[in-house]
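Written below as structure tokens is the structure these notes are about.
Protein chains: 2
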Amino acid sequence: MITKSDIKYIQSLAHKKFREEEGVFIIEGIKMVGELIQEFPETIVHLYATQHWVDKICHQEFAGFHVTVIDEITLGKISQLKTPNQVVAVVKLPKQIPQSKTLSKWVLVLDQIQDPGNLGTIIRTCDWFGIENIVCSLDTVDAYNPKTVQSAKGSLLRINIQYIDLIAFFSSKKGVPVYAAALDGTSIHTIDVEGPAIIVIGNEANGISKEILAFATQKITIPKIGKAESLNAGIATAIILSNLVR
Amino acid sequence: MITKSDIKYIQSLAHKKFREEEGVFIIEGIKMVGELIQEFPETIVHLYATQHWVDKICHQEFAGFHVTVIDEITLGKISQLKTPNQVVAVVKLPKQIPQSKTLSKWVLVLDQIQDPGNLGTIIRTCDWFGIENIVCSLDTVDAYNPKTVQSAKGSLLRINIQYIDLIAFFSSKKGVPVYAAALDGTSIHTIDVEGPAIIVIGNEANGISKEILAFATQKITIPKIGKAESLNAGIATAIILSNLVR
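Chains as they are written, first to last, in my numbering: chain F, 1 to 246; chain G, 1 to 246.
As structure tokens, then:
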């Protein structure tokens, strides 16, 4: 049985404040919850699912999960999706693992990314290109909000995402090359990144803030052939990563 | 004065059926309407704007436009934005210019793109990379819906977007190389595209349909290093275009 207070509790997790207080967030839908069960079963706190889902999916792997069967109307109430999709999982927020003092790999730094969908596609793109660490400014949109979860697809829990004061972060990483996306930098076609590096992407409207740009060892730019004034931040990140890994 | 029937008319333009019947669509917000006035004034049928916008923006260039001053409440009623932004323009739908039999440039073909935001970022990305022609399958989401307009930013009217039966399109373009995005193709890092070509991107969930894939002269793939199952369709398009123009 699901109670009114359970429903309120799940609904409250659409808000960052409650997610952080409770240390949990929501992953929804057949595909994403299916992957979650396969890949990160230990993170699942509770499943709310329709009888149909339980009948179809229930098998050995299911053992040990707390499952509450709900009807479609209740599903509609607790879901953040336009088209609720059978199952809602309450999931433990991952621990933020600090970057070691000497980086061994590439780290993507996001300075004030505001759009949750952009953040989600950036996470998914990092997962495609094997970039396992994202460091976000404290005012970057929260990675565990419903829209980001949805657009990151299954990649969210595979990436270590840390929220930290960027000035403190850069100050602790002296000596590591910092490539900052800007409109007046060196073409990404001519840059060879060797060894560990930091790649910085800025806010959708204003780019990288002045204080953060001061840490750049090289500004990098996507050459423009046409007329668009700028690129979507998720798109720019993907193009930069794709060209740097080549 | 704006009438109730004006308000209904503008609201109806959120739907493709009415846009096509009326031959117009909506562009909103200070920045985008500002660019519209600069770049494509001849396409503007009518402007609905707050007194604030008229006082601030009104100047010589304004001569000849039909402007109706509205209050914030009315703006809220006719706007499709979460945060309505001063001005709503009713704009003529651009003419779809058919591709010539022998292409002179690259054409991007979209097969069943469903997400309006994806289509918008694809249009904006094409405008960045100087690709002026997009050909969409008839079941691709409409480019003039409010979400696509918003995510395409000022690029929408700079790109010639044609909706056409793709089988008819490909049948009329024999001899032109067709590069189709797939998961099992040649790496985009090793491909050199010379001369006119067609690049095909498929549906977000299912990729390119079988009948269309049959027209491919080469399947192309973005090499994967990490674990993500797939990339967002807008992201994949951007990465492919970026690598092919290099």
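Think of the CB as a built atom: it goes at the ideal place given N, C-alpha and C, for glycine as much as any other residue.
Under the Cβ distance rule, G:Ala-143 does not count among the residues neighbouring chain F, no pair being separated by less than 8 angstroms. Against chain F, the CB of G:Ser-155 has a partner CB under 8 angstroms away; the residue lies at that interface.
Annotated as distal: F:Val-141 and F:Pro-177, with beta-carbon spacing of 8 angstroms or more.
Inclusion of G:Thr-217 and G:Leu-183 in the CB contact set at 8 angstroms is not warranted, their separation being larger than that value. Approximately 27 angstroms separates the beta-carbon atoms of F:Leu-81 and G:Thr-125; this is outside 8 angstroms, ruling out the contact. Collapsing the DSSP output to three states places G:Val-33 in a helix. Here F:Glu-22 carries a helix assignment [DSSP, helix/strand/coil]. DSSP, read as helix, strand or coil, puts G:Gly-76 in helix. Interface criterion not met: the Cβ of G:Trp-106 is under 8 angstroms from no Cβ in chain F.
Nearest C-alpha to G:Ala-168 among G:Val-109, G:Ile-131 and G:Gly-195: G:Val-109. For F:Gly-117, the nearest CB of chain G lies under 8 angstroms from its own CB, placing it at the interface with that chain. Membership of F:Ile-7 in the alpha helix (DSSP H) is indicated by the continuous run 4-12.
Look at G:Lys-101 here: in three-state DSSP terms it is coil, with no helix or strand label. With contacts defined as CB atoms closer than 8 angstroms, G:Tyr-144 and G:Phe-25 qualify as a contacting pair. CA-CA distance, G:Val-200 to G:Glu-229, rounds to 20 angstroms. Two segments are said to touch when three or more pairs of C-beta atoms, one from each, lie closer than 8 angstroms; by this definition the segment 94-104 of chain G touches the segment 153-170 of chain G.
When C-beta atoms of the segment 83-92 of chain F are compared with those of the segment 42-50 of chain F, three or more pairs fall below 8 angstroms, so the two segments count as touching. For F:Leu-241, no beta strand (DSSP E) encloses it; the enclosing alpha helix (DSSP H) starts and ends at 233-245. Around G:His-189, the same chain offers Pro-223 and Asn-243 as residues with beta carbons nearer than 7 angstroms, after the five sequence neighbours per side are excluded. Assignment of F:Val-149 by DSSP, reduced to helix, strand and coil, places it in the helix class. With contacts defined by Cβ atoms closer than 8 angstroms, F:Lys-77 and F:Ile-27 do not form a contacting pair. Within 9 angstroms of the CB of F:Leu-231, the CB atoms of chain G belong to Thr-121, Arg-124, Thr-125, Trp-128 and Ala-238, in sequence order along the chain. Closer than 9 angstroms at the C-beta level to chain G, one finds these residues of the segment 177-192 of chain F: Ile-188 and His-189. For G:Lys-219, the secondary structure class from DSSP, reduced to helix, strand or coil, is strand. If you check the CB distance, F:Glu-72 and F:Thr-102 do not come in under 8 angstroms. Rounded to the nearest whole angstrom, the CA to CA distance from F:Thr-68 to F:Pro-84 is 16 angstroms.
Within chain G, the residues whose beta carbon sits less than 9 angstroms from that of F:Lys-227 are Asp-127, Trp-128, Gly-130, Gly-154, Ser-155 and Arg-158, listed in sequence order. For G:Ala-182, the enclosing beta strand (DSSP E) stretches over residues 178-187. With a threshold of 16 other beta carbon atoms within 10 Å, G:Thr-3 falls short and is exposed. For the C-beta of F:Ile-222, the chain G residues within less than 8 angstroms are, from N- to C-terminus, Trp-128 and Ser-242. At a cut-off of 8 angstroms between C-beta atoms, G:Ile-235 counts as an interface residue with respect to chain F. When C-alpha distances from F:Gly-23 are compared across F:Ala-152, F:Met-32, F:Tyr-9 and F:Lys-31, the shortest belongs to F:Tyr-9. CA-CA distance, F:Ile-191 to F:Ile-225, rounds to 19 angstroms.
At the C-beta level, G:Ile-159 and G:Ile-134 come within 8 angstroms of one another.
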